[in-house]
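Q: Protein chains in written order, with the working numbering: chain A, 73 to 414; chain B, 73 to 414. C-beta: ideal position from N, C-alpha, C; glycine also. First, the structure itself, so that you have it in front of you.
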DNA sequence: CTGAAAGCGCTTACAG
DNA sequence: CTGAAAGCGCTTACAG
């Protein structure tokens with residue numbers, strides 16, 4: 073088999089032009105079916121592989137999308153964004169694009185260094201997965217590159233981003249607890265850490281307001297300091313009947329803590345999480361939680377990106393994707409204390 | 073700022089040729105320092121970005137590497153390979169390459185469908201991360217693409233692969249237990265599941281043989297069936313003083329199981345894992361385990377790949393990377409029963 | 001030190 | 001339906 077078979081080779085073999093071969097291979101008009109078939113047969117026989125680079129060169133499009141994730145989100149316990157990346161890779165592939173992951177180091181983020189794949193035009197657009205420093209984002213937005221933020225947003229409504237519907241997700245989850253008879257519901261999470269987390273809090277708060285349930289000060293429990301480091305949880309004197317947690321990981325810690333103190337979950341106290349990640353399955357019982365619809369978000373963001381590559385001037389703004397409650401056994405039904413299930 | 077600044081634009085602005093601009097930008101000989109400086113200044117001012125595609129076109133190299141991971145290894149609890157991918161992306165970037173992840177679906181693996189990035193020549197070589205079906209591997213090896221296997225190997229010694237030194241890793245870990253006075257050591261893992269796991273078993277077995285310690289039949293406990301599905305662990309009638317586990321995940325399950333049955337770890341029974349992944353930190357106490365040196369493996373594999381792209385005919389065979397024992401508190405020192413630490 | 005020519009493998013727009 | 005010409009943005013090899 074020859075090393076690098078090109079359209080030229082096929083053309084020569086058939087005594088036609090490369091233009092014709094190109095049309096045949098790409099299923100374009102302007103070739104007879106007969107010739108097309110011949111071309112394809114020869115292509116098959118010679119082991120011809122299309123050279124996407126050459127096409128890219130001509131079009132000025134690489135059909136690659138850069139995906140930027142801060143180093144901060146990649147430690148061993150934070151697997152969520154890598155899970156996300158994986159789905160993105162699949163969805164991009166289905167759309168004939170490839171994803172190139174760029175882990176942004178803390179130094180580069182601070183020094184406002186753009187990735188090499190930007191400087192070398194290796195990608196047509198970027199997806200920024202997870203919050204970055206404002207200065208970095210602002211700088212990035214100044215470039216002419218199509219950009220979509222994924223799983224976070226900024227205060228500028230024109231910037232395109234795809235986010236989970238945190239607000240209604242948590243609202244629905246809290247309503248679920250109320251329907252199960254809970255009135256004493258505490259909230260665990262630092263509401264000042266990210267916009268998503270604040271939105272979740274507001275969803276909880278809306279449900280509480282609507283049901284006329286008071287939220288005492290010590291019922292809003294911080295889980296991390298403003299630098300994002302986890303801190304010890306300060307439980308209220310009187311343990312509530314239910315805890316709503318910002319994410320599964322902190323719910324996992326809470327369940328462990330409660331069990332250590334001798335409380336049974338959900339018999340003595342119900343706990344719900346958010347994300348439906350690995351931590352939701354590690355507690356005993358498993359956590360009732362809200363599943364982030366990663367696949368749907370990936371599809372949205374890819375469809376936005378593809379459109380933006382073609383027309384960089386359109387703005388789509390904030391796109392929201394619904395979550396879904398996953399019912400496990402961490403919630404007690406106070407109306408029917410015997411049954412723990414849904 | 074002009075949309076697409078090219079070397080042509082810079083050349084025109086300076087009244088020189090593109091050849092000169094090219095040399096200046098790429099720090100090649102044949103331009104005066106003075107001119108070079110001018111070129112770089114203009115490049116900066118105009119927001120010129122190098123077009124890697126054009127270079128690739130000329131050289132016939134994309135500077136992309138495909139990384140193939142089976143869908144099988146990407147579920148929510150298996151974060152190891154994504155962790156690996158992340159490090160690969162960094163190391164590739166340092167070497168001026170980019171990584172393109174391809175999640176291989178079970179169907180494509182079964183139907184022997186090669187990835188799109190292969191057919192479109194979007195990558196110069198492939199890293200196959202994690203065991204695939206033999207038929208698929210054989211087919212892949214038949215193509216002219218440079219290929220390196222990562223974290224597994226086959227029985228063919230010529231095929232390049234980078235693997236963790238499972239044998240000596242487990243050998244050292246078992247020796248450590250023996251030095252701490254353990255004589256009653258069981259093994260948890262299905263030795264028929266992968267070559268790595270078999271090697272780990274053999275490392276354990278070598279240590280036992282060397283120390284003249286017998287291994288009763290019920291001391292080799294399977295953790296999964298031959299399809300890779302986890303099964304319930306069949307503990308021996310008499311609980312040994314220590315368990316050696318194939319991986320942290322199964323060690324985590326074992327610790328949970330033992331604790332449920334009322335055994336304390338490590339007071340009543342010591343447990344060690346392998347991988348130093350997320351599960352090693354989720355037990356109480358944390359697991360003593362062997363750390364797979366992901367960074368070192370990534371560096372090895374990238375260096376191999378880069379060499380193979382330049383010279384596809386060289387074969388490097390099996391390259392082994394040493395692991396490292398991470399000491400936590402899951403092992404009791406039988407010689408000094410008071411102290412649990414190292 | 002500087003640059004004209006040729007070419008990487010394809011596609012587009014146009015002519016026949 | 002078929003194809004000659006031009007070009008995408010660079011680099012290499014060679015001439016001056």
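Measure the beta-carbon distance from residue 346 of chain B to residue 318 of chain B and round it to whole angstroms, keeping in mind my assumption that it falls under 8 Å.
A: Confirmed, Cβ separation roughly 6 Å.
Q: Going by beta carbon distance, what residues of the same chain come within less than 6 Å of residue 398 of chain A, once the five residues before and after it are set aside?
A: Contacts found: 348, 361, 363.
Q: Identify which residue in A:138, A:266, A:221 has its Cα closest to the Cα of residue 188 of chain A.
A: Ranking the options by Cα distance to residue 188 of chain A, first place goes to A:138.
Q: Leaving aside the five residues before and after residue 151 of chain A along the sequence, list all residues of the same chain whose C-beta is less than 8 Å from its C-beta, in chain order.
A: The residues are 349, 350.
Q: Against chain A, does residue 149 of chain B count as a neighbour if the rule is that its beta carbon must be under 7 Å from one of theirs?
A: Chain A, which has a Cβ nearer than 7 Å to the Cβ of residue 149 of chain B, makes this yes.
Q: Can you give the Cα-Cα distance for residue 275 of chain B and residue 324 of chain B, rounded to whole angstroms?
A: Those two C-alpha atoms are separated by around 21 Å.
Q: Using 10 angstroms around the beta-carbon of residue 228 of chain A, count the other beta-carbons present and answer buried if the total reaches 16, otherwise exposed.
A: Exposed is the call here.
Q: What does residue 355 of chain A touch in chain B if you count any residue whose Cβ is under 8 Å from its own?
A: Residues of chain B passing the Cβ test: none, with the nearest at roughly 11 Å.
Q: Verify the CB distance criterion: does residue 92 of chain A have a CB-CB separation below 7 Å to chain B?
A: Taking Cβ atoms only, chain B never reaches closer than 7 Å to residue 92 of chain A, which makes this a no.
Q: Which first and last residues belong to the beta strand (DSSP E) in which residue 142 of chain B is found?
A: Per DSSP, residue 142 of chain B belongs to the beta strand (DSSP E) from 136-142.
Q: At the 7 Å Cβ level, is residue 114 of chain A part of the contact set with chain B, yes or no?
A: With 7 Å as the cut-off, residue 114 of chain A does not count as an interface residue toward chain B.
Q: DSSP three-state call for residue 363 of chain B: helix, strand or coil?
A: Note: residue 363 of chain B maps to strand in three-state DSSP.
Q: Helix, strand or coil for residue 216 of chain A, going by three-state DSSP, please let me know.
A: In the structure shown, residue 216 of chain A sits in coil (DSSP, three-state: anything other than H, G, I, E or B).
Q: Below 8 Å on C-beta distance, what does residue 349 of chain B contact in chain A?
A: Result: 148.
Q: Suppose contacts are defined by Cβ-Cβ distances below 7 Å. Is residue 254 of chain A in contact with residue 314 of chain A by that definition?
A: Yes, the pair counts as a contact, with Cβ atoms nearer than the cut-off.
Q: In chain B, what lies closer than 9 Å to residue 339 of chain A by C-beta?
A: Under the 9 Å cutoff, chain B gives no residues; its nearest Cβ is about 17 Å from residue 339 of chain A.
Q: Would residue 142 of chain A and residue 172 of chain B be called neighbours here (beta carbons separated by less than 7 Å)?
A: Contact flag unset, no.
Q: Would residue 123 of chain B be called buried (16 or more neighbouring beta carbons within 10 Å of its own) or exposed?
A: Burial call: buried.
Q: Which residues, taken in chain order from the segment 97-131 of chain B, show a beta carbon closer than 8 Å to some beta carbon of chain A?
A: Within the segment 97-131 of chain B, the qualifying residues are 121, 122, 123, 124, 125, 126, 128, 129.
Q: Quick one: does residue 144 of chain A have its CB under 7 Å from some CB of chain B?
A: It does not; no Cβ of chain B falls within 7 Å.
Q: In terms of residue numbering, what span does the alpha helix (DSSP H) encompassing residue 195 of chain A cover?
A: Run containing residue 195 of chain A: none; DSSP gives neither H nor E here.
Q: With C-beta atoms as the reference, is residue 344 of chain A less than 7 Å away from residue 219 of chain A?
A: Result no, Cβ atoms of residue 344 of chain A and residue 219 of chain A do not sit closer than 7 Å.
Q: Per the DSSP calculation, residue 392 of chain A is bridged to which residue(s)?
A: Paired residues: A:235.
Q: Go to residue 258 of chain A, then tell me how far its beta strand (DSSP E) extends in each direction, as first and last residue.
A: First-last of the beta strand (DSSP E) with residue 258 of chain A: 257-260.
Q: Less than 7 Å between the beta carbons of residue 393 of chain A and residue 410 of chain A, yes or no?
A: No. Outside cutoff.
Q: With a CB to CB cut of under 8 Å and the five nearest residues on each side skipped, what residues in its chain are close to residue 335 of chain A?
A: Result list for residue 335 of chain A: 311, 341, in chain order.
Q: Could you run through the segment 157-169 of chain A and flag, in chain order, every residue whose CB is less than 8 Å away from some CB of chain B?
A: Result list: 157, 158, 161, 162, 165, 168.
Q: What's the gap between the Cα of residue 268 of chain A and the Cα of residue 95 of chain A?
A: Rounded to the nearest angstrom, the two C-alpha atoms are 49 Å apart.
Q: Does any C-beta atom of chain A lie closer than 7 Å to the C-beta of residue 194 of chain B?
A: True, the Cβ-Cβ gap to chain A drops below 7 Å.
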